[in-house]
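Protein chains in written order, with the working numbering: chain F, 7 to 138; chain B, 7 to 138.
Beta carbons are placed, not taken as given, at the ideal position from N, Cα and C, and that holds for glycine.
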DNA sequence: GCTTGCTCCTGTAGCCACTACAGGAGTTAA
DNA sequence: TTAACTCCTGTAGTGGCTACAGGAGCAAGC
């Protein structure tokens, strides 16, 4: 029992997580089923705000919902910190690979766009670049 | 009528595009409906190989199927090169933005992972980083 | 001519992480 | 009491594929 009773709308505002997304997280079991008011509405507390904020930050860092499940386990002590470390490193390596790919991509796009704007090519330089 | 009659399997091998994906592209109208053999099977030619290779390269550069539709229009002269240029520049800017985001992300992940492996934090540094 | 094994066909459903309804019910302020 | 608002469930859509199930065409060997 931590603090006030919070509606789903207030929870959404405080955490920046969409109302529909909160319900979705409940549905897939990322957050536990919320308590209900007499009228059947979800009631949250400050613990839920904490948890949802945690999830949101993890999502912003690109962790998948499954990875977040593991991170939440680490947070509540049900799993070793080592696992969180492994996840973070694995994810960071994936991010690094993405950056490398995107850099190459950016170069290719820039080259094509530059040749095009200079009107050096007879046809369209971008179409040309994609044709072989 | 350009060249030999090519099955969907051969087309897939020559272009590196999955068979199911070829059928998917036909379904969404990214490629025109293929001609059929007497037995009802799709028959392709070298023009189709060209087109599909074009599409594949564009996908590898991260263009959406809708953007590729426009690029194909430019390729066949039904749309100005200017439009392709605009698309490429817009896409390149999006890629640049992604790179910036991922760099920040990579830094955050590295910092958290490093603090964790050094065992400097009392709890888990990664969980800590996500908690506020 | 028949069988075996391969390729291909259509149609549907699943993936991820949401997002967007429709149609109804609880809640609050004037 | 009425209006405006928030919330409820359930379902379907997004993009770009991918993965079946259940059937049919086709080529080679016997």
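Of all the options F/98, F/47 and F/132, which has the alpha carbon lying nearest to the alpha carbon of residue 91 of chain B? F/132
Min CB distance residue 116 of chain B to chain F below 7 Å
yes
Open item on the list: When you compare the CB of residue 12 of chain B with every CB in chain F, is at least one pair closer than 7 Å?
Closed with: no
**Q.** Helix, strand or coil at residue 139 of chain F according to DSSP, with G and I counted as helix
**A.** This structure cannot settle anything about residue 139 of chain F, because the visible part of chain F is limited to 7 through 138.
Checklist line | Listed by chain order, chain F residues near residue 90 of chain B by CB distance under 8 Å | finding: 122, 130, 132 and 133
field: the segment 8 to 19 of chain F contacting the segment 39 to 56 of chain F, beta-carbon criterion three pairs below 8 Å
entry: yes
Give the list of continuous alpha helix (DSSP H) stretches no shorter than 4 residues that lie fully inside the segment 46 to 124 of chain B. 52 to 66, 71 to 81 and 87 to 123
What are the residues that DSSP puts in a beta bridge with residue 12 of chain B?
B/50
In chain F, which residues lie with their C-beta within 9 Å of the C-beta of residue 80 of chain B?
-> 130, 132 and 133
- Cross-strand partners of residue 42 of chain F (DSSP beta bridge): F/48
Between which two residues does the alpha helix (DSSP H) carrying residue 136 of chain B extend?
-> 131 to 137
>> Between residue 7 of chain F and chain B, is the shortest Cβ-Cβ distance under 7 Å, so that the two count as touching?
In response: Since pLDDT at residue 7 of chain F reaches only 49, below the 50 mark, its modelled position is unreliable, and the value read off the structure follows with that caveat. No, its Cβ sits nowhere closer than 7 Å to a Cβ of chain B.
(Q) Three or more C-beta pairs under 8 Å: does that hold for the segment 103 to 111 of chain F against the segment 108 to 119 of chain B? (A) yes
Q) Does the beta-carbon of residue 84 of chain F have 16 or more other beta-carbons within 10 angstroms, so that it is buried, or is it exposed? A) exposed
Chain F beta carbons: is any one of them nearer than 7 Å to that of residue 23 of chain B?
no
| request: Check the Cβ of residue 50 of chain F against every Cβ in chain B and list those closer than 8 Å, keeping chain order. | output: Those within 8 Å of residue 50 of chain F in chain B number zero; the least Cβ separation is about 18 Å.
- Task: Grab me the residues of residue 123 of chain F's own chain with a C-beta within less than 7 Å of its C-beta, minus the 5 sequence neighbours each way, in chain order.
- Result: none
Note to self: Quick check: what's the CA-CA separation for residue 44 of chain F versus residue 60 of chain F?
What the structure shows: 29 Å
>> Tell me the DSSP secondary structure of residue 25 of chain F in three-state form.
In response: helix
Let me know if residue 138 of chain B comes out buried or exposed under the rule of 16 or more other beta-carbons within 10 Å of its beta-carbon. exposed
key: Nonlocal neighbours in the same chain, by C-beta distance under 8 Å from residue 69 of chain F, ignoring five residues either side   = 77, 93 and 97
Fill in: Contacts that residue 68 of chain F makes with chain B (C-beta to C-beta distance below 7 Å)
111
Residue 86 of chain F burial status per 10 Å Cβ neighbour count (16 or more: buried): exposed
Going by C-alpha distance, which of B/18, B/62, B/38 and B/33 is nearest residue 136 of chain F?
B/62
Where does residue 36 of chain B fall in DSSP's three states? coil
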